[in-house]
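Protein chains in written order, with the working numbering: chain G, 1080 to 1193; chain E, 34 to 146.
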Amino acid sequence: AQSVSQHNHHVILSEAASLELGCNYSYGGTVNLFWYVQYPGQHLQLLLKYFSGDPLVKGIKGFEAEFIKSKFSFNLRKPSVQWSDTAEYFCAAHGSSNTGKLIFGQGTTLQVKP
Amino acid sequence: EAGVTQFPSHSVIEKGQTVTLRCDPISGHDNLYWYRRVMGKEIKFLLHFVKESKQDESGMPNNRFLAERTGGTYSTLKVQPAELEDSGVYFCASSPSSGYGYTFGSGTRLTVV
C-alpha cells in the first residue's frame, strides 16, 4: 500500500540549530515527493518538490531535501532555523502517473525557541 | 491572483445536523481536491474533480458525504447527517490541467458536538 511516514511528531529547537525532519515513503512505481508547511493560521504552502533529476532539491526559505531512492527517504533540512520557522511540516507523495492525489505523512510540529 | 477560498472557516454543529462546506478554486484550475485531517491523524484524500466530473472518490468515508462541483467552478461538500467522527479540518486544493501548481485553501474546521 502507498504510504508516507514522518518519524518525528514534535521537534523543539533553539534558534540557529540545524534541522532535519525524516520522511520515508512506500510507493510502487515512480514517485513525486513534496514538503509542505503550515504556519499557524495559514494555508498549506509548498516548500519544495522532487520530480526527477538532481536528488538534492532546494526550496524556499533556505530549506532543502534530499531524495535517496535506496532508502526510500526524502528528508527535509535547514542549516539554521529561525523562530519564524515554527510551523507544522508535512511530507507528501504522489505517483507520477496518477491524478495528483497526494498521500501525506502524519506531520511534524516544529517549535523554535528564540 | 486570488488563492483557493474556503468557507466557513469554522463550523460547530450538533450530531445529526447537516453542514455544507464550500470551496472556490483558483480561476481556470480544472482540478479540485478535497482532503480531511482528523485530529492527530494525517491529511487524507477524499476526492478529486476534473472540471465538473468526479475523477476519483475513493477516499469518501461513506454515503453521508456528498460532493458536487457545479459547472466546474466552485465545489461543495455536504455532510448529512453529521456524526462526531466527522470532526476535523477539511482542506480544498486546486491545480491546473498541466504543470504542478497545487494550491491549498486555509481549510474549514468542523466540530460536531
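The beta-carbon is built from N, C-alpha and C at its ideal position, and this holds for glycine as well.
Beta carbons nearer than 9 Å to chain E: which residues of the segment 1115-1136 of chain G have them? Answer set for the segment 1115-1136 of chain G: 1115, 1117, 1120, 1121, 1122, 1123, 1124, 1125, 1128 and 1130.
Measuring alpha carbon to alpha carbon, tell me which of E:117, E:129 and E:134 ends up nearest residue 146 of chain E. E:117
Roughly how many angstroms separate the alpha carbons of residue 1088 of chain G and residue 36 of chain E, rounded to a whole number? Note on geometry: alpha-carbon atoms of residue 1088 of chain G and residue 36 of chain E lie some 29 Å from one another.
To the nearest angstrom, report how far apart residue 123 of chain E and residue 1110 of chain G are at their CA atoms. Using only the alpha carbons, I get a separation of about 25 Å.
Please state whether DSSP places residue 117 of chain E in a helix, a strand or coil. helix
So, at 6 Å on beta carbons, what are the nonlocal neighbours of residue 1091 of chain G in its own chain, with the 5 sequence-adjacent residues on each side left out? 1190
Output yes or no for whether 7 Å exceeds the beta carbon distance between residue 52 of chain E and residue 144 of chain E. For residue 52 of chain E and residue 144 of chain E, no; Cβs fall outside 7 Å.
Measuring alpha carbon to alpha carbon, tell me which of G:1179, G:1149, G:1082 and G:1085 ends up nearest residue 88 of chain E. Of the listed residues, the one whose Cα sits closest to residue 88 of chain E is G:1179.
Leaving out the 5 sequence neighbours to the left and right, which residues in its chain are closer than 6 Å to residue 1159 of chain G when beta-carbon positions are compared? 1095
Hey, does residue 90 of chain E have any beta-carbon neighbour from chain G nearer than 7 Å? no
Among G:1161, G:1125, G:1129 and G:1152, the one whose alpha carbon lies nearest that of residue 134 of chain E: Comparing Cα-Cα distances from residue 134 of chain E to each of G:1161, G:1125, G:1129 and G:1152, the minimum goes to G:1125.
So residue 5 of chain E contacts chain G; which residues on that side make the cut at Cβ distance below 8 Å? A query on residue 5 of chain E cannot be resolved here, the shown segment of chain E reaching from 34 to 146 and no further.
Neighbour flag for residue 1197 of chain G against chain E, beta carbons, 7 Å: Nothing can be reported for residue 1197 of chain G: it is not among the residues displayed for chain G, which extend from 1080 to 1193.
Contact list for the segment 85-116 of chain E against chain G, Cβ threshold 9 Å: 88, 89, 91 and 92
Sequence-distant residues of the same chain with beta carbon closer than 8 Å to residue 1119 of chain G, five excluded per side: 1165 and 1166
Taking 6 Å as the cut-off, does the CB of residue 84 of chain E come closer than this to any heavy atom belonging to the ligand NAP? Summarising the ligand content, the structure contains no ligands, and the ligand NAP is consequently not present.
Does residue 59 of chain E have its Cβ less than 7 Å from a Cβ in chain G? no
Span of the beta strand (DSSP E) holding residue 108 of chain E? Residues 108-112.
Does DSSP classify residue 1133 of chain G as helix, strand or coil? coil
Find the residues of chain E that neighbour residue 1101 of chain G, judging by a C-beta separation of less than 8 Å, and give them in chain order. The contacting residues do not exist; residue 1101 of chain G stays about 15 Å from chain E at best.
Quick check: is the beta carbon of residue 139 of chain E nearer than 7 Å to any beta carbon in chain G? yes
Residue from G:1083, G:1121 and G:1132 with nearest C-alpha to residue 1114 of chain G: G:1083
Got a sec, what are the start and stop residues for the beta strand (DSSP E) residue 1098 of chain G sits in? 1098-1100
Verify whether the separation of the beta carbon atoms of residue 1085 of chain G and residue 1184 of chain G is less than 7 Å. yes
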